[in-house]
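Data first, discussion second: the structure below is written as structure tokens.
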Amino acid sequence: MRQDKPMTKTKYGILLVIILMTLMSSKIQGQIAVVVAKNNPVNNLTLEELRRIYLGKVTTFSNGEKIILLQYEPLMKEFYRIVLNKTPMKVRKHWIGVVFSGGSATPPREFTTIHQLSEILDKYSGVIGFIDWEDVGDNEKVITIDGIRPQEANYPLQKE
């Protein structure tokens, strides 16, 4: 008859680290990162500021540079649900109203690949967009939302 040996402190510690790493990586992968060009002065936005930007109510950054909105097609539904509490269709209707009212805001430009985002970020420093946290590369600067980084558990832009 085989007797099970009790778990040693070392094995218990290793198991705990593996569990924590698994939980942390799954949490980070389920987050939407808000990105700007590397030379953009913005490092943090409140969720309300981000909402106002994506509704076209704020059209320039604090340095006076015109904001160029980008929307990542694979994440539009989730981003707009979290940030604006709207579907992509309602966001389109909102922007039709903004354009016809003669405002200075420009609707978001859609991109479908991270490569397209990188090209746009290389050309314009006023760009702001959103991508999967796991897709963030060297070309993008991730900004915090309400002072919270995407790696933190209480980050507000978590996908379901």
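Here the sequence shown stands for residues 401 to 560, numbered as in our numbering. Every residue gets a Cβ at the ideal spot worked out from N, C-alpha and C, and that includes glycine. Given the structure is predicted, the values throughout are model-derived calculations rather than measurements.
Given a threshold of 16 other Cβ atoms within 10 Å of its Cβ, counted over all protein chains shown, does residue i qualify as buried or as exposed?
| i | result |
| --- | --- |
| G537 | exposed |
| V499 | exposed |
| G529 | buried |
| A553 | exposed |
| I467 | buried |
| E478 | buried |
For residue i versus residue j, is the C-beta spacing smaller than 8 angstroms?
| i | j | result |
| --- | --- | --- |
| V527 | A433 | no |
| L470 | P508 | yes |
| E534 | E473 | no |
| D532 | L475 | yes |
Less than 7 angstroms between C-beta atoms, sequence neighbours within five positions excluded: which residues of the same chain meet that for residue i?
| i | result |
| --- | --- |
| Y480 | K486, T487, P488 and V491 |
| G503 | G456 |
What residues in its chain sit with their C-beta under 8 angstroms from that of residue i, if we drop five residues either side in the sequence?
| i | result |
| --- | --- |
| V483 | L447, L450, R451, Y454 and L557 |
| V442 | V436, F461, S462, I528 and I543 |
| I548 | N554, Y555 and P556 |
| I562 | Residue 562 lies beyond the range of the chain shown here (401 to 560); nothing can be said about it. |
On a CA-only basis, which of the options is nearest residue i? Give me that one, please.
| i | options | result |
| --- | --- | --- |
| E519 | E540, P507 and G502 | E540 |
| K457 | I548, E560 and G497 | G497 |
| E465 | K477, N440, H494 and I514 | N440 |
| N444 | Q516, Y555 and I514 | Y555 |
Counting only the same chain and skipping the five closest in sequence on each side, list residues whose C-beta sits under 6 angstroms from that of residue i.
| i | result |
| --- | --- |
| P550 | Q431, A433 and W533 |
| T512 | E473 |
Who does residue i pair with in a DSSP beta bridge?
| i | result |
| --- | --- |
| G445 | Going by the sequence as given, residue 445 is Leu instead of Gly. L445 pairs with I545. |
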